[in-house]
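With numbering that gives the first Met the number 0, letter number 111 in the sequence shown gets 110, and the count goes up by one each step, no holes. Just below is one structure, and these are the notes that go with it.
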Amino acid sequence: MRGSPKTLLGFGTKCTLWGTASGQIKLDRKRPKQALLEFGSWAKSSVPQGTVNESYKSEFIELKKWLKDRKFEDRNLTPAHFPGTGRGLMSRTVLREGQMIISLPESCLLTTETVIRSYLGVYITKWKPRPSPLLALCTFLVSERHAGDHSLWKPYLQILPKTYTCPVCLEPEVVNLLPKPLKAKGEEQRAHVQKLFTSSRDFFSSLQPLFAESIDNIFSYSAFLWAWCTVNTRAVYLRPRKQECLSAEPDTCALAPYLDLLNHSPHVQVEAAFNEKTRCYEIRTASGCRKHEEVFICYGPHDNQRLLLEYGFVSLCNPHTCVYVSRDVLVKYLPSADKQMKKKISILKDHGFIENLTFGWDGPSWRLLIALKLLCLEPEKFTCWKKVLLGEVISDANEKTSLDLAQKICHHLLEESSAVLQRVSHMKDEKVSLISQLSLVETLWREELKVLQASAEILAGVHTTYLASTECLGSPPMVGVT
């Protein structure tokens with residue numbers, strides 16, 4: 000995992016997820032007021048209907064025995080299936096504020112040290128160039144999965160997802176339906192995984208003496224992709240370690256059996272870190288949790304596009320949801336005769352205002368408004384561009400023009416979202432085999448549509464207020480607080 004060795008996480012039931020649940024823990028130093036309010040209302044909520052205890056299933060009985068042999072026995076949580084979130088962990092008793100809910104011994108963690116101590120160690124040690132920590136973990140996962148019943152890690156491996164829903168795993172025709180920024184990142188993700196696989200084939204071939212079957216059949220691209228997604232979506236963070244036989248890339252990932260069954264909610268908070276004294280990965284509650292409620296963690300203050308990219312799911316109640324404005328859309332409604340346009344774009348790019356321009360639940364972001372105000376500068380006001388970047392008001396005309404442009408862009412994105420949702424609906428009728436993937440993409444677009452509708456309402460209200468304020472010769476209202 001990438002992040003801080005001490006991570007803020009948490010609990011709650013207000014969030015519904017779509018896609019593959021994962022257990023990667025990420026840094027979250029910010030907790031919006033909405034999260035506090037949601038958590039307070041959750042504390043009074045009733046036990047969700049449809050929850051099914053899964054501790055009786057053979058795979059979890061095996062996992063519990065395997066964990067017990069490694070000195071871990073959990074009395075606070077139990078595996079269960081929840082409506083909306085799917086498989087997760089349920090509280091067996093009331094959890095108090097500050098209470099330890101999981102203390103997973105180091106012996107249960109799958110790290111690069113685990114790999115190097117295994118039969119793979121001698122091959123990794125002598126291979127040049129040195130394999131990366133990520134490659135070592137992926138190689139171990141593929142090898143152990145192939146071992147089947149003979150694997151010492153079988154109880155853990157058999158509860159891992161068989162497939163994942165990150166963009167790298169989606170069919171090309173489904174990827175084409177993603178929002179442009181996410182589609183581009185998804186294609187980068189796919190290229191990265193393919194490059195890593197291709198560059199590692201000679202290393203895989205060196206492992207042939209370990210297997211009776213052809214190494215190409217064992218270390219196929221699909222097997223490697225599964226292993227890569229397992230690490231990328233489920234790993235927790237440990238302090239950087241240095242293994243002499245591995246490359247200099249940060250060695251901070253560990254797979255945490257059982258702990259990684261915890262699902263994500265953007266509204267919750269706990270504390271999690273590896274305790275160097277107890278040699279355990281520990282999670283404590285920051286607030287209470289009722290008996291028989293699902294226990295959540297928070298992977299970080301991520302918007303839905305990032306959640307889908309890194310974890311393969313979409314959060315239906317995500318306060319961090321936003322809609323990105325691409326460069327093409329940014330300039331779509333600007334006058335083509337503007338001779339200063341190239342210079343304006345260059346200024347935005349040089350000062351970091353060409354990326355991460357968004358609409359959110361609170362309307363257009365401050366960054367988006369600054370970009371629009373600079374792009375709308377009149378020729379005679381162009382020399383004031385530095386003041387624009389500092390957030391100063393240049394003129395009433397500039398304020399009105401940029402506000403109008405924000406409304407046009409928002410309306411354009413609303414139409415685009417509606418059009419894509421129609422396409423997805425038609426494809427669900429025609430491509431039955433892709434319904435699961437299409438439903439995931441549909442959920443993403445629906446959530447973004449809601450954000451755009453909220454932004455459109457805010458912009459309409461601000462526009463009305465602006466007209467009224469200018470008539471009264473007052474100061475124009477400010478918009479964009481996200």
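Ideal placement from N, C-alpha and C gives every residue a C-beta, glycine not left out.
C-beta contact flag for residue i and residue j at 9 Å
| i | j | result |
| --- | --- | --- |
| Tyr323 | Thr357 | yes |
| Ser246 | Ser131 | yes |
| Glu446 | Val313 | yes |
| Glu441 | Lys430 | no |
| Leu371 | Ile344 | no |
| Val173 | Trp225 | no |
| Val294 | Leu261 | yes |
| Leu206 | Thr110 | no |
| Tyr163 | Thr77 | no |
| Leu119 | Leu195 | no |
| Trp227 | Cys316 | no |
| Gly359 | Ser454 | yes |
Contact set for residue i: own chain, Cβ-Cβ below 8 Å, skip 5 residues either direction
| i | result |
| --- | --- |
| Ser417 | Leu448 |
| Ala34 | Because Ala34 sits at a pLDDT of 32, beneath the cut-off of 50, its placement in the model cannot be relied upon, and the following sentence gives the value as read from the coordinates. Closer than 8 Å at Cβ, skipping near neighbours: Pro265, His266, Val267, Gln268 and Pro318. |
| Ala467 | none |
| Leu484 | For residue 484 there is no data in the structure shown, the boundaries of the chain being 0 and 481. |
| Gln193 | Tyr220 |
| Leu258 | Gly22, Ile101, Leu103, Val235, Tyr280 and Ile282 |
| Arg422 | Leu176 |
| Lys29 | Bear in mind that a pLDDT of 33 at Lys29, under 50, signals an unreliable position, so the number given afterwards is only what the model happens to contain. So the qualifying residues of the chain are Pro300. |
Continuous beta strand (DSSP E) stretch holding residue i: start and end
| i | result |
| --- | --- |
| Ser314 | Phe312 to Ser314 |
| Asn274 | Val269 to Asn274 |
| Phe295 | Glu293 to Ile296 |
| Cys321 | Cys321 to Tyr323 |
Candidates the options, of which the one nearest residue i by Cα
| i | options | result |
| --- | --- | --- |
| Thr400 | Ile369, Ser345, Glu96 and Ile296 | Ile369 |
| Asp250 | Lys125, Val114, Tyr122 and Leu389 | Val114 |
| Phe203 | Val423, Trp126 and Lys430 | Trp126 |
| Gly287 | Glu293, Pro178, His410 and Val93 | Val93 |
| Val498 | Lys182, Cys165, Ala183 and Phe273 | No statement about residue 498 is possible, as the shown extent of the chain runs from 0 to 481 and does not include it. |
| Met89 | Glu61, Gly49, Asp68 and Leu66 | Gly49 |
| Gln157 | Leu413, Leu62, Thr463 and Lys386 | Leu62 |
| Glu58 | Gly97, Pro160 and Arg129 | Pro160 |
| Cys168 | Glu415, Gly185 and His350 | Gly185 |
Contact set for residue i: own chain, Cβ-Cβ below 7 Å, skip 5 residues either direction
| i | result |
| --- | --- |
| Ser366 | Position check: residue 366 holds Arg in this sequence, whereas Ser was assumed. Excluding positions up to five away in sequence, the list reads Phe352, Asn355 and Leu356. |
| Phe71 | Leu103, Pro104 and Cys107 |
| Leu443 | Asn303, Leu307 and Val313 |
| Lys32 | Any reading at Lys32 needs caution, since the residue's pLDDT is 31, under 50, leaving its predicted position unreliable; the model's value is listed next. There are no such residues. |
| Leu333 | Met340 and Leu374 |
| Tyr122 | Ser205 and Leu206 |
| Phe218 | Val141 and Phe203 |
For residue i, the three-state DSSP class (helix, strand or coil)
| i | result |
| --- | --- |
| Tyr118 | coil |
| Arg95 | coil |
| Cys165 | coil |
| Ile353 | coil |
| Pro208 | helix |
| Cys483 | This structure does not reach residue 483, given that the chain is present from 0 up to 481, and the question cannot be answered. |
| Cys375 | coil |
| His80 | strand |
| Ala467 | helix |
| Ala253 | strand |
| Ile344 | helix |
| Pro132 | helix |
| Gly460 | helix |
| Leu451 | helix |
| Phe358 | strand |
| Arg144 | helix |
| Ile158 | coil |
| Val328 | helix |
| Ser335 | coil |
| Cys137 | helix |
| Val392 | coil |
| His149 | helix |
Span of the alpha helix (DSSP H) around residue i
| i | result |
| --- | --- |
| Ser416 | Asp395 to Glu429 |
| Ser198 | Lys179 to Ser198 |
| Leu62 | Ser57 to Asp68 |
| Cys279 | Looking at the DSSP string, Cys279 is not in any alpha helix (DSSP H); the run it does join, the beta strand (DSSP E), is Cys279 to Thr284. |
| Ser90 | First-last for Ser90: Gly85 to Ser90, but that is the beta strand (DSSP E), not the alpha helix (DSSP H). |
| Cys288 | Neither: Cys288 is in no alpha helix (DSSP H) and is coded neither H nor E. |
| Cys228 | Tyr220 to Arg233 |
| Val173 | Pro171 to Val174 |
| Val387 | Trp384 to Leu388 |
Proximal residues to residue i (C-beta, below 6 Å), its chain only, five neighbours per side dropped
| i | result |
| --- | --- |
| His80 | Val51, Glu53 and Arg86 |
| Ile282 | Ile100, Ile101, Val269 and Ala271 |
| Trp152 | Glu143 |
| Phe381 | Gln339 |
| Thr320 | Asp302, Asn303, Glu446 and Val450 |
| Ser432 | none |
| Lys407 | Tyr332 |
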